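**Q**
As structure tokens, then:
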């Protein structure tokens, strides 16, 4: 038997062993439940604190990531705006530079045109002056017509003597030419006056690679190496021919072909053929109506024809040089336009590549934002699962834990 004293009234009770065990068990169960409840409260508070801390950390991380990405997007936008500004500035500068160059070129072209126009006006004035002088001379001749009629009659009376003298002179001259080689004669005549010519090539044409060749080639250049005058010469006399008489025109086609083949500007036939022809005996005969830039001359006009053509070529050299300058400027302007087009194409290509890079960067940013949004969704889903786990933990009890586990329940009761 066991005695138990009441703490309130002080009365002593006597109880048997079974009752004592029952009361002790009640006291233990009460203490166990109190301790279990206290531990559940502590566990729940720790879990809530952990969940709140984890949630706050995740939210801070998400905010930081979003803030960093927003800053990166803003920086890229600023760089894009800056790049576009630089492109616009470069376009403006390029346009202004090209405009200035075009204006400059137009001004130079106008200046050259003005100079050429001035030269043409000057030539027209010279021609007009020369015509005026000739008209004045004609008027003077008409005015003196009466005074010169008597002299003319006298000249007519001496005509036969003059014709006889001329025929005799021509016969002597022809005899001399036949007696010596005409080519050698012309070469000797030129060598006599060669000191008067600078930078002149006058030699035999020995190149028959094209099937034929002329007799002599004359080429003259200035100090810069620019060709002033070039002539293909052919010499023909009666001694070179057979008994069949040839005409000068029989050799003009071949002479023209030789001129073209040797890239000469003029072609001249020095001839003793057709000695009785008044056409060829009058002096220099222009055959350009049949063949371009071709003349037929007697040997005595060999040096004079060179001098005439040379003086004309020298007078035209200044205009040729101005034309070459104008052509060079046209080439420079064409090159300028080509360079400008090349720059435009390169600029457009680089701009296209840069735009593509920016679009790729923006796509990457969009992909990053989508990834962050997915991470945020995953975190929200994780928070929801943690909340469900918390709810389940709060609903946890010894009774539920030991349900369908009587052995564990028995051990708890006996502890």
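Residue numbers (the numbering used here): 561 to 975.
Ideal placement from N, C-alpha and C gives every residue a C-beta, glycine not left out.
All of these numbers come straight from a predicted model, not from anything done at the bench.
To the nearest angstrom, how far is it from the Cα of residue 832 to the Cα of residue 756?
**A** The count along the chain shown starts at 1 and reaches residue 832 at position 272. The count along the chain shown starts at 1 and reaches residue 756 at position 196. Looking at the two C-alpha atoms, the distance is approximately 27 Å.
**Q** So what does DSSP say about residue 877, is it helix, strand or coil?
**A** For the purposes of this step, residue 877 is taken as residue 317 along the chain shown, with counting starting at 1. Note: residue 877 maps to helix in three-state DSSP.
**Q** From residue 854 to residue 885, what does the alpha carbon distance come to, in whole angstroms?
**A** As a position in the chain shown, residue 854 is number 294, starting the count at 1. As a position in the chain shown, residue 885 is number 325, starting the count at 1. Their Cα atoms are separated by approximately 29 Å.
**Q** Starting from residue 827, trace the beta strand (DSSP E) in both directions and tell me its first and last residue.
**A** By 1-based counting over the chain shown, the position of residue 827 is 267. First-last of the beta strand (DSSP E) with residue 827: 826 to 831.
**Q** Note down the Cα distance separating residue 857 from residue 669, rounded to an integer number of angstroms.
**A** To locate residue 857, count along the chain shown from 1; it is residue 297. To locate residue 669, count along the chain shown from 1; it is residue 109. So the alpha carbons of these two residues sit roughly 43 Å apart.
**Q** Is it true that the CB of residue 790 sits closer than 7 Å to the CB of residue 749?
**A** As a first step, residue 749 must be located in the chain shown, where it is residue number 189. As a first step, residue 790 must be located in the chain shown, where it is residue number 230. No, the Cβ-Cβ distance between residue 749 and residue 790 is not below 7 Å.
**Q** Of the residues 895, 846, 894 and 696, which one's Cα is nearest the Cα of residue 869?
**A** Here residue 869 refers to the residue found at position 309 of the chain shown. Comparing Cα positions, the closest option is 846.
**Q** I need the boundaries of the alpha helix (DSSP H) containing residue 748, first residue and last residue.
**A** Stepping through the chain shown from its first residue, residue 748 is reached at position 188. Counting along the chain, the alpha helix (DSSP H) containing residue 748 begins and ends at 742 to 753.
**Q** Would you say residue 797 and residue 742 are within 7 Å of each other, going by their C-beta atoms?
**A** For the purposes of this step, residue 797 is taken as the residue at position 237 of the chain shown. For the purposes of this step, residue 742 is taken as the residue at position 182 of the chain shown. Result yes, Cβ atoms of residue 797 and residue 742 sit closer than 7 Å.
**Q** Compute the Euclidean distance between the alpha carbons of residue 634 and residue 929, then round it to the nearest angstrom.
**A** Your numbering for residue 634 matches position 74 in the chain shown. Your numbering for residue 929 matches position 369 in the chain shown. So the alpha carbons of these two residues sit roughly 14 Å apart.
**Q** Cutting at 7 Å between CB atoms, please list the residues of its own chain near residue 611, excluding the five before and the five after it.
**A** The residue labelled residue 611 in the question sits at position 51 within the chain shown. Answer for residue 611: 946 and 950, listed in chain order.
**Q** Kindly indicate the opening and closing residues of the beta strand (DSSP E) around residue 819.
**A** For the purposes of this step, residue 819 is taken as residue 259 along the chain shown, with counting starting at 1. That residue, residue 819, is in no beta strand (DSSP E); its alpha helix (DSSP H) goes 812 to 821.
**Q** Closest to residue 746 by C-alpha separation, out of 783, 793, 771 and 770, would be which residue?
**A** For the purposes of this step, residue 746 is taken as residue 186 along the chain shown, with counting starting at 1. Residue 746 has its Cα closest to that of 793, out of 783, 793, 771 and 770.
**Q** From residue 841 to residue 859, what does the alpha carbon distance come to, in whole angstroms?
**A** By 1-based counting over the chain shown, the position of residue 841 is 281. By 1-based counting over the chain shown, the position of residue 859 is 299. One C-alpha to the other measures close to 11 Å.
**Q** Can you give me the C-alpha to C-alpha distance between residue 651 and residue 912, rounded to a whole angstrom?
**A** For the purposes of this step, residue 651 is identified with residue 91 of the chain shown, where counting begins at 1. For the purposes of this step, residue 912 is identified with residue 352 of the chain shown, where counting begins at 1. Computed Cα separation, rounded: 15 Å.
**Q** Grab the span of the beta strand (DSSP E) containing residue 794 for me, first residue to last.
**A** The sequence position of residue 794 within the chain shown is 234, counting from 1. From DSSP, the beta strand (DSSP E) with residue 794 extends over 787 to 796.
**Q** Which word fits residue 578, buried or exposed, when buried means at least 16 other C-beta atoms lie within 10 angstroms of its C-beta?
**A** Indexing the chain shown from 1 puts residue 578 at position 18. Residue 578 should be labelled exposed.
**Q** Which stretch, first to last residue, makes up the alpha helix (DSSP H) that contains residue 763?
**A** Taking the chain shown and counting its residues from 1, the one referred to as residue 763 is at position 203. Here residue 763 belongs to no alpha helix (DSSP H); instead the beta strand (DSSP E) covers 760 to 764.
**Q** Check each candidate in 926, 862 and 744 and name the one with the smallest Cα separation from residue 764.
**A** On the chain shown, position 204 is the one that residue 764 refers to. Residue 744 is the option with its Cα nearest to residue 764.
**Q** So the alpha helix (DSSP H) residue 838 belongs to, where does it begin and stop?
**A** Taking the first residue of the chain shown as position 1, residue 838 is located at position 278. Looking at the DSSP string, the run of the alpha helix (DSSP H) that includes residue 838 is 838 to 841.
**Q** Figure out for me which residue from 778, 772 and 688 has the closest Cα to the Cα of residue 821.
**A** Along the chain shown, read from residue 1 onward, the residue named residue 821 stands at position 261. Comparing Cα-Cα distances from residue 821 to each of 778, 772 and 688, the minimum goes to 772.
**Q** To the nearest angstrom, report how far apart residue 774 and residue 788 are at their CA atoms.
**A** Within the chain shown, residue 774 is the residue found at index 214, counting from 1. Within the chain shown, residue 788 is the residue found at index 228, counting from 1. The alpha-carbon atoms of residue 774 and residue 788 are separated by roughly 20 Å.
**Q** Report the CB separation of residue 914 from residue 643 in whole angstroms; it is logged as a contact under 8 Å.
**A** Walking along the chain shown from the start, residue 914 turns up at place 354. Walking along the chain shown from the start, residue 643 turns up at place 83. Correct: roughly 7 Å between the Cβ atoms.
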